[in-house]
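Undergrad: This is the structure I have questions about; it appears just below.
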Amino acid sequence: MIKKKICMVGAYGVGKTSLVARFVSSMFSERYQTTVGVKIDKKVVQHPTGEVTLLLWDLAGEDAVTTVRPAHLKGSAGYILVMDGLRRNTLAVAIDLQGRVREAAGNIPFVCVVNKADLRESWEIRQADLDDLVSRGWTVVETSAKTGAAVEGLFHTLTDTMMQELHVDDSTADAIAG
Amino acid sequence: MNTAPLRDLVRENENGLNGGSGGDYTRLRELLVGPEQSRLEELQRRLDDRQLRTEDLSQIVAEAIALRARRDHSLQHALNPLIEEAVQTSVRRNPAVLANALYPVIGEAVRKSVAHALSGLVESINQTLERSLSLEALMWRIEGWRTGRPFGEVVLTRSLRYRVEQVFLIHRETGLLLQHVARSEQLIQDSDMVSGMLTAIQDFIRDSFAGTGGQGIETVEMGEFNLWVQHGPTAILAVAVTGTPPPELRNLLQRTLERVEAEYGPLLSSFTGDATAFDEARPLLESCLLGQQAQKVAKQSRFFFMAFAVTLLLAIGLGFFLIARSHRRWDLLVEQLRNEPGIVLTGADRFWWGRRYELVGLRDPLSTDPDKLIRASGLDPEKVTSRWEPYVSLDGKFALSREFETEKTALEQTVLRFPLNSAQLSAEQLAKLDDIEVHISKLQNDGAMIGKKFTIELQGNTDPSGDEAKNDKLSQLRAEVVEKALVSRGVSPDMLRIVALGSRQPEKRATGAYLTELNRRVKFLVITGKEAAR
Chain L
-16 MIKKKICMVG AYGVGKTSLV ARFVSSMFSE RYQTTVGVKI DKKVVQHPTG EVTLLLWDLA
44 GEDAVTTVRP AHLKGSAGYI LVMDGLRRNT LAVAIDLQGR VREAAGNIPF VCVVNKADLR
104 ESWEIRQADL DDLVSRGWTV VETSAKTGAA VEGLFHTLTD TMMQELHVDD STADAIAG
Chain X
2 MNTAPLRDLV RENENGLNGG SGGDYTRLRE LLVGPEQSRL EELQRRLDDR QLRTEDLSQI
62 VAEAIALRAR RDHSLQHALN PLIEEAVQTS VRRNPAVLAN ALYPVIGEAV RKSVAHALSG
122 LVESINQTLE RSLSLEALMW RIEGWRTGRP FGEVVLTRSL RYRVEQVFLI HRETGLLLQH
182 VARSEQLIQD SDMVSGMLTA IQDFIRDSFA GTGGQGIETV EMGEFNLWVQ HGPTAILAVA
242 VTGTPPPELR NLLQRTLERV EAEYGPLLSS FTGDATAFDE ARPLLESCLL GQQAQKVAKQ
302 SRFFFMAFAV TLLLAIGLGF FLIARSHRRW DLLVEQLRNE PGIVLTGADR FWWGRRYELV
362 GLRDPLSTDP DKLIRASGLD PEKVTSRWEP YVSLDGKFAL SREFETEKTA LEQTVLRFPL
422 NSAQLSAEQL AKLDDIEVHI SKLQNDGAMI GKKFTIELQG NTDPSGDEAK NDKLSQLRAE
482 VVEKALVSRG VSPDMLRIVA LGSRQPEKRA TGAYLTELNR RVKFLVITGK EAAR
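Heads up: the sequence lines are chains L and X, in that order. Residue numbering for the first sequence follows the numbering used here, starting at -16 and increasing by one per position. Residue numbering for the second sequence follows the numbering used here, starting at 2 and increasing by one per position.
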């Protein structure tokens, strides 16, 4: 059985927890996030090579006083970078976070998620911003925690990339971009 | 393309090489392979020139090492003896260099090691003290000595105060669960998430309190529940224990983790998420599921404790009851003795909670026998010693008793005398009857007062002369005369009894003529007690 550690990172209030809440099994209360700084959930994904158990480290959102602990990122096989389409500043936080995660955990696969797709018409983040991210080699997925759109697929995408990673030694970012 | 002219040219050149005019060939060669030739020469030069080759190699050596290290571990193996030798050489040449380099870490390492050892020592001192004094521990020592196993091992398997419920083997870097064994499958929450959270909390503690140097949590205690964590370089062994685990468990965890690290070291450092490889570690982890069901044992020992406590309480209760009963009996006896006429208690002491009693006092000989009271009290007479000084009580009862005795003596000393062969009292003797009557009436009064019944025997006697039948009749007559005289004076005839003795009880001193006269008489005998009732 394959197990993978995945981190959920993003600015405060982008909907990391609600994004996965409907798709994962959970045994810890959300209070852990504010105390310990992380809550751990589990998601089992079907993959051609067999079942893959994803352990989701749902890290407390970044804000003025909380920063992601590098120790929590250590050993991750991949991560999900979440931003809120309604708040443009979460994009900047995400870009900054991506740099720090790469520093702490290496060049590992990740998926960039723009949440609140159900309110797409009032987004502050523009298509051009997303195009810019894709040109950096990022995989960008638009999701809605409210409708659940594309969330299940998000885990599959990340799992596929990580499983590929087992056999590819080259730069991860290039592999995802292709 | 036609190649014939070129072939001819080459042949020609070969000829030239073989001694012909070579000017053309050389030119041609320069024209054709000149640049390659010079590059070959350049390469040759670079290969031959150590300096240049070193420079070239130096540009790629780091990348090459990194690449190879990523692919497999052969580089480590190859370098290992070199590094060891280099360190040895360095130490041999100048120990100060390495000492200085290690100085910042060695202090920390020693402090940590000493602190760890000390905390372990403190932890074990209590248990050691407790154990060295208990019967259970003695049995364990005997078992260890008998089976040749170390004492610590016996303690681990026999100690009944703890139970290892779950064992987690966790990959240190990712916090992923490698293997998990539990005593009961029902107990297991999602062990993957527990393992992750445990790692997250360790990180949290380390970041928040211990700085970056800390190892992480080693013990979590929550009432009856304990979480013991053993840290290795690449793996973490965590056990959930109920009850009070013995310190020896820590050593077992350490040994187990060391074995895991030794057997699975390469797998652990290159771990990418495939936990199946660690299935073989299950037996090793299962060997940590030690201890007994603490609850059951606690219940059983509680039963024995309760039984013991109840017995003890009963014994104490019975003891108190017996002591209280003998106290009460003693108090009653003392009370009784104090109220008893003719007895003055001057000392009544109790020793050793009723093991021995002592009575001291004054006693009128006419009073009730104290020994009789002691026997009646229920106390063991053996335990009671008493010392009584005789005295005369002024109590009314005893005064009357004494008067009764006085009157009795006086009456019994009175003798009425008769002339020879006669039952007639002389005037002189008749006068005595008044005194006798007074004695009798006093006896009657006193006897009534002190509750003493009595009868007065009128004993008629004769002298030895004459025949016996005649003497009996005479003695009878003499007694009847006295009786009649007394009754005429008001004495109740019920009180009197006539006894005709004839000459069978002569006055002992009565020998000779004068003394035989003394036997012609009536004597009085006051009979008290049971005799009187008849």
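Cβ atoms here follow ideal geometry from the backbone N, Cα and C, with glycine treated the same way.
Give the straight-line distance between the Cα atoms of Ala295/X and Ser196/X, rounded to the nearest whole angstrom.
TA: The predicted model places Ala295/X with a pLDDT of 43, which falls under 50 and marks its position as unreliable, so this point remains unresolved.
Undergrad: If the cut is a Cβ gap below 7 Å, which residues of chain X does Lys57/L touch?
TA: Chain X residues near Lys57/L: Glu174.
Undergrad: Which two residues bound the contiguous alpha helix (DSSP H) that contains Asn227/X?
TA: Premise fails: Asn227/X lies in the beta strand (DSSP E), 226 to 232, not in any alpha helix (DSSP H).
Undergrad: Answer yes if the segment 121 to 140 of chain L comes into contact with the segment 89 to 101 of chain L, meaning at least three C-beta pairs across the two stretches below 8 Å, and no otherwise.
TA: Result yes; three or more Cβ-Cβ pairs closer than 8 Å.
Undergrad: Whose C-alpha, out of Leu250/X, Leu228/X, Asp372/X, Pro248/X, is nearest the C-alpha of Val242/X?
TA: The shortest C-alpha separation from Val242/X is found at Leu228/X.
Undergrad: If the criterion is Cβ atoms closer than 8 Å, does the pair Arg52/L and Asp208/X meet it?
TA: Yes, the Cβ-Cβ distance between Arg52/L and Asp208/X is below 8 Å.
Undergrad: The alpha helix (DSSP H) with Ile66/X in it runs from where to where?
TA: First-last of the alpha helix (DSSP H) with Ile66/X: 51 to 72.
Undergrad: DSSP beta-bridge partners for Ser8/L?
TA: Note: Ser8/L sits in a beta bridge opposite Lys25/L.
Undergrad: How about Val84/L: is its C-beta nearer than 8 Å to some C-beta of chain X?
TA: Not an interface residue.
Undergrad: Note down, in chain order, every chain X residue with its Cβ under 7 Å from the Cβ of Val19/L.
TA: In chain order: Ala201, Ile202, Phe205.
Undergrad: Could you please give me the residues that DSSP links to Thr243/X through a beta bridge?
TA: DSSP output for Thr243/X lists Arg164/X, Phe226/X as bridge partner(s).
Undergrad: Can you pull the chain X residues whose beta carbon is under 9 Å from the beta carbon of Ser1/L, in chain order?
TA: Chain X residues near Ser1/L: none, gap ~19 Å exceeds 9 Å.
Undergrad: Restricting to runs no shorter than 4 residues, where is the alpha helix (DSSP H) found entirely within the segment 413 to 489 of chain X?
TA: Listed in chain order, they are 428 to 451, 469 to 489.
Undergrad: Against chain L, which members of the segment 63 to 91 of chain X pass a CB distance test of less than 8 Å?
TA: Cβ contacts with chain L come from Arg71.
Undergrad: So the candidates are Leu253/X, Arg184/X, Ile171/X, Leu122/X; which of them puts its Cα closest to the Cα of Ala276/X?
TA: Of Leu253/X, Arg184/X, Ile171/X, Leu122/X, the residue nearest in Cα terms is Ile171/X.
Undergrad: Leu487/X and Ala591/X - do their beta-carbons sit closer together than 8 Å?
TA: Summary: the structure shown does not reach residue 591/X, with chain X confined to residues 2 through 535, and so no result is reported for it.
Undergrad: Cβ of Met(-9)/L less than 8 Å from any chain X Cβ?
TA: Closer than 8 Å: no.
Undergrad: Whose Cβ in chain X lies nearer than 9 Å to the Cβ of Ser8/L?
TA: Those within 9 Å of Ser8/L in chain X are Asp191, Met194.
Undergrad: Determine the chain X residues that contact Val38/L at a beta-carbon separation under 9 Å, and present them in chain order.
TA: Position check: residue 38/L holds Leu in this sequence, whereas Val was assumed. Simply Thr175, Gly176, Leu177, Leu178, Asp193, Met194, Ser196, Gly197.
Undergrad: For chain L, check one thing: does any of its Cβ atoms lie closer than 8 Å to the Cβ of Thr1/X?
TA: Since the displayed chain X opens at 2 and closes at 535, residue 1/X lies outside it and no answer follows.
Undergrad: Does Trp99/L come within less than 8 Å of chain X when only Cβ atoms are used?
TA: First, the residue type needs correcting, since residue 99/L is Lys and not Trp in the sequence shown. Not closer than 8 Å to any Cβ of chain X, the Cβ of Lys99/L fails to qualify, so no.
Undergrad: Would you say Ala87/L lies against chain X (beta-carbon separation less than 8 Å)?
TA: It does not; no Cβ of chain X falls within 8 Å.
Undergrad: At which residue ranges does the segment 356 to 421 of chain X contain complete beta strand (DSSP E) runs of 3 or more residues, listed in the order of the chain?
TA: Segments of the beta strand (DSSP E) lying fully in the segment 356 to 421 of chain X: 357 to 364, 385 to 391, 416 to 418.
Undergrad: Mark Lys524/X as exposed unless 16 or more other C-beta atoms lie within 10 angstroms of its C-beta, in which case mark it buried.
TA: Per the 10 Å Cβ criterion, buried.
Undergrad: If I follow the unbroken alpha helix (DSSP H) through Gln255/X, where does it start and stop?
TA: 249 to 270 is the span of the alpha helix (DSSP H), which, as asked, contains Gln255/X.
Undergrad: Determine the burial state of Tyr163/X: buried for a count of at least 16 other Cβ atoms within 10 Å of its Cβ, exposed for fewer.
TA: Buried.
Undergrad: Counting only the same chain and skipping the five closest in sequence on each side, list residues whose C-beta sits under 6 Å from that of Leu338/X.
TA: Once the five neighbours on either side are set aside, the close Cβ partners of Leu338/X are Ile344, Leu346.
Undergrad: Do the segment 56 to 68 of chain L and the segment -10 to 1 of chain L meet, that is, are 3 or more Cβ pairs less than 8 Å apart?
TA: A contact exists between the segment 56 to 68 of chain L and the segment -10 to 1 of chain L.
Undergrad: Ordered along the chain, which non-local residues of its own chain (more than five positions away) have a Cβ less than 7 Å from that of His139/L?
TA: Closer than 7 Å at Cβ, skipping near neighbours: Val28.
Undergrad: For Arg522/X, count the other beta carbons within 10 Å of its own beta carbon; 16 or more makes it buried, fewer makes it exposed. Which is it?
TA: With 16 or more other Cβ atoms within 10 Å, it is buried.
Undergrad: List the whole-angstrom C-beta distance separating Met496/X from Thr456/X, where the pair is believed to meet the contact cut-off of C-beta under 8 Å.
TA: Indeed, because the Cβ distance is near 6 Å, the residues count as touching under 8 Å.
Undergrad: Could you tell me which residues DSSP pairs with Asp67/L in its beta bridges?
TA: Beta-bridge pairing links Asp67/L to Asn98/L.
Undergrad: Taking the Cβ atom as the reference point for each residue, do Gly(-2)/L and Asp67/L lie within a distance shorter than 8 Å?
TA: Cβ atoms of Gly(-2)/L and Asp67/L: closer than 8 Å.
Undergrad: Using beta-carbon positions only, say whether Thr235/X and Gly266/X come within less than 8 Å of one another.
TA: Contact flag set, yes.
Undergrad: Does DSSP put Ile(-11)/L in a helix, in a strand, or in coil?
TA: DSSP places Ile(-11)/L in strand when its eight states are reduced to three.
Undergrad: Could you have a look at Gly(-4)/L and say whether DSSP puts it in helix, strand or coil?
TA: Residue state, collapsed to three classes: coil.
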